[in-house]
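What follows is one structure encoded as C-alpha cells, with my remarks underneath.
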Amino acid sequence: MSLHVECSEPQRSFKRAFALSDDASNSVNPRPTKRYQHLPPTPPTPSLSLKKFSQSSRPEAVLSSPPGDSRLPRKPALVDLDPASCPVPEKSRLDYWLEDLPNSPPTRASSCPPDLEHSIPPEILDIGEGQPLSFDILQEISQSQRPKLEAGSLGSGRSSRPPTSHADYRRTLRKNGICIDHTGAEIPPELRSFLDLHILQERSSKVSPESITEAVNTAIQIADSPEGNVYDLQDTAMLPIKRSKVGRGGNTPWFPDGLPRNDVYGIPLAAPKADIHLGYPIDHNSGWTDKEDAVIDHVAARRLTKPAKGNCFPFFTLELKSEAMGGNLWQAENQAAGSGASCVNATRWVFREAYPSRDQSVMKSIAFSACVTQRLAIFYVHFYSAEKSQHYMSWIATCETMRHVQKSNHLVENILEHCLGARQTNIRTALGQLYPFPSHWKNSRPASVMDSQNPSADYKDETSNKTRRTE
1 MSLHVECSEP QRSFKRAFAL SDDASNSVNP RPTKRYQHLP PTPPTPSLSL KKFSQSSRPE
61 AVLSSPPGDS RLPRKPALVD LDPASCPVPE KSRLDYWLED LPNSPPTRAS SCPPDLEHSI
121 PPEILDIGEG QPLSFDILQE ISQSQRPKLE AGSLGSGRSS RPPTSHADYR RTLRKNGICI
181 DHTGAEIPPE LRSFLDLHIL QERSSKVSPE SITEAVNTAI QIADSPEGNV YDLQDTAMLP
241 IKRSKVGRGG NTPWFPDGLP RNDVYGIPLA APKADIHLGY PIDHNSGWTD KEDAVIDHVA
301 ARRLTKPAKG NCFPFFTLEL KSEAMGGNLW QAENQAAGSG ASCVNATRWV FREAYPSRDQ
361 SVMKSIAFSA CVTQRLAIFY VHFYSAEKSQ HYMSWIATCE TMRHVQKSNH LVENILEHCL
421 GARQTNIRTA LGQLYPFPSH WKNSRPASVM DSQNPSADYK DETSNKTRRT E
C-alpha cells in the first residue's frame, strides 16, 4: 500500500518585485524601461507560497523562453509603463537646501593656481569655420593670457615668499629695506677708511707661482662644468677659506628671524640658504666659555646667533654659480643680500641687548659676501646705516679667476683676519654683559629682531623697562 504525502512548497524571503515589460520585438533579451514601478511589498503571511504570491501580485508579468531550447531558464519580460502614472517623490530637506543656494559660481580658493579663461578675442571671432589660424592671431591669443599668469606668479597671498630668481625680487629687497650698491658709493667714510686700510690692503706675503697656476687651471677645467665643480675653487689660492678656527656650513636653510621685514609691504624675503657660510665654530674646540655658550644657546637668542648649521655668528657667505647650468651673478646677489643682512642683524641684536643705551658703530656689525662663477669673484660688504635706516650690500672688489688670484687671496685673508680678531673680540665682550641673563629674557620667545621693524625707521628703543647695562 503506497502512501502519498504532499509537501508544501519551500518558503524563502522575497526580494522586492518589479514590473516587467513584454517586448514582443525582443523577447529573448528584454530591455528595461526608463522607469520601474514598485509593486506591493512581500506579503506578511509566511505560509503563502511563491507561486500563489506571484500569480496574485504580478498578473501582468508574462514569462517566456527562447524558442528551440526548453532547458534554458525562463526570463521575465518587462511591461511598458507610463512615467506620468508613477508617483512623484516628496522633496527632502536637502532638496529645499539646494534650491536656496545662490546661482553665482563658487569662490575660487586663494591657494589655487591662476585660472585660464578659454576665450577668443572678439576681433578674431569672424574667422570662417575650417580656416587655419595665422601666427599673428595665435600670438595675440597668447599675449591676452599672459597678464593673468603674471598676476599670480608671486603667489596668491601677500605673505608668500617669492624666490630669489623672480624678476621682481630686487624690488622685494628694496621694499624690505635692503639696497644693493653696485659701485660702493653708499659706503660711509668711516667704513671706507677701514676697508682701504685693512681689507683691500695688499699683504706682504706673496702667493707662489705654483699656487696661482693651480688656481687658474682649476678655473679653466670648471669653465663648462656643473655647479658642483665650482666648489673646487675653495681649495685653491683663489678662495683660501679653510681654517681650523672657522666653522663652516652650507646649503642648509637659515632661520628667517634675522631678515629685515616691512609689515606694511607684506611680502617677506626668501629665507637665506648660502652655498657656503663661515662663522665661529661651535664644537668642543670652539673656545667659547660656558657663560658665552649659555647666552648663544638661549631660547631668546639662538635663532639669531645660530641661524644655520655649522657655526654661530656667520660673517662671510659665498654663493657659487655655474654659467653652464644657467647660474648667474644676478641671482647670486639676491641670495647674498638676505644672508648678509641676517649676519649684520645678529650682531646688532647682541650689541643692542648688551648696551641698550649706547649708539652702535657701523664697524662692529659688518659682514662680507662673495658671488663666484668660474670667471669672476665679486666681493661685498654688508652694513646697516642708522642714518638712512637702510641695509646695504656694497661692492668692494671684483677679481677675475684667471688674472687676479693673488688679489682675491689677500682679500679673503684680510676678511678672515678681521673677523677672527677684532669682530670676535667685540662679540665676546657683549656676550659677557648678557650673563646673568637679562630679566626680560625669562619668559621670552625666540628672538626676531625684525618683527616690527619698518625700513623707514631705525630700530625702536624697546628697553624702557629693561635693565640698563654699561660696557
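In the UniProt record's numbering, the protein residues as written are 1 to 471. From the three backbone atoms N, C-alpha and C, an ideal C-beta is built for every residue, glycine too. Remember, it's a predicted structure, so these values are computed and weren't measured experimentally.
### Query
In whole angstroms, what is the alpha-carbon distance linking Ser92 and Leu101?
Cα to Cα, Ser92 sits roughly 15 Å from Leu101.
### Query
Span of the beta strand (DSSP E) holding Gly310?
Going by DSSP, Gly310 is part of no beta strand (DSSP E) at all; its letter is neither H nor E.
### Query
Can you list, in chain order, the residues of its chain whose CB lies under 7 Å from that of Ala270, leaving out five sequence neighbours each side?
If we look at Ala270 and ignore the five residues flanking it on each side, its Cβ neighbours are Arg161, Pro162, Pro163, Thr164, Gly338.
#### Entry: Per DSSP, the bridge partner or partners of Asp181
Asp181 pairs with Ser394.
#### Entry: Distance between Phe368 and Leu197 (C-alpha atoms, nearest Å)
Approximately 16 Å between the Cα atoms of the pair.
### Query
Within this structure, are the beta carbons of Ala354 and Ser444 separated by less than 8 Å?
Their beta carbons are not under 8 Å apart, which means Ala354 does not touch Ser444 by this criterion.
### Query
For Lys321, which of Pro226, Asp181, Leu94, Arg423 has the nearest alpha-carbon?
Of Pro226, Asp181, Leu94, Arg423, the residue nearest in Cα terms is Pro226.
### Message
Tell me the rounded alpha-carbon separation between residue 510 and Asn229.
### Response
The structure shown does not extend to residue 510, since the chain is modelled only from 1 through 471, so no value can be given for it.
### Message
Restricting to Cα atoms, I'd like to know which of Ser439, Val372, Thr425 is closest to Met402.
### Response
Ranking the options by Cα distance to Met402, first place goes to Val372.
### Task
Report the rounded CA-to-CA distance for Ala386 versus Pro188, giving the unit in angstroms.
Taking the straight line from one Cα to the other gives about 11 Å.
### Query
What is the DSSP secondary structure of Arg302, reduced to helix, strand or coil?
Helix, per DSSP.
### Task
My understanding is that Gly249 touches Asn311, with C-beta atoms under 8 Å, so please give their C-beta distance in whole angstroms.
The beta carbons of Gly249 and Asn311 sit about 6 Å from each other, so the pair counts as a contact at 8 Å.
### Query
Is Gly96 buried or exposed, if buried means 16 or more other CB atoms sit within 10 Å of its CB?
Note that residue 96 is Tyr in the sequence shown here, rather than Gly. Looking at its Cβ environment, which holds fewer than 16 other Cβ atoms inside 10 Å, Tyr96 is exposed.
### Message
Given 7 Å as the limit, tell me if Arg203 has its C-beta closer than that to any heavy atom belonging to the ligand NAD.
### Response
Looking at this structure, you won't find the ligand NAD or any other ligand, since it has none at all.
### Query
Buried or exposed: where does Ser408 fall if 16 or more other Cβ atoms within 10 Å of its Cβ makes it buried?
Label assigned to Ser408: buried.
### Message
Helix, strand or coil, according to DSSP, for Leu320 in the structure here?
### Response
Leu320 falls in the strand class under three-state DSSP.
### Query
At what residues does the beta strand (DSSP E) containing Ala237 begin and finish?
Careful: Ala237 lies outside any beta strand (DSSP E) and carries neither H nor E.
#### Entry: Beta bridge counterpart(s) of Cys369 as assigned by DSSP
Reading off the sequence, residue 369 comes out as Ser, not Cys. DSSP, once it has assigned bridges, lists Thr317, Tyr380 as partnering Ser369.
#### Entry: Supposed close pair Trp254, Ala308 - CB separation, criterion 8 Å
With a Cβ gap of about 5 Å, Trp254 and Ala308 count as contacting.
### Message
Between Arg171, Lys175, Asn176, Ile180, which has its C-alpha nearest Phe379's C-alpha?
### Response
Of the candidates Arg171, Lys175, Asn176, Ile180, the one whose C-alpha sits nearest the C-alpha of Phe379 is Ile180.
### Query
For Val344 versus His284, is the C-beta distance shorter than 8 Å?
Taking 8 Å as the Cβ cut-off, Val344 and His284 do not qualify as a contacting pair.
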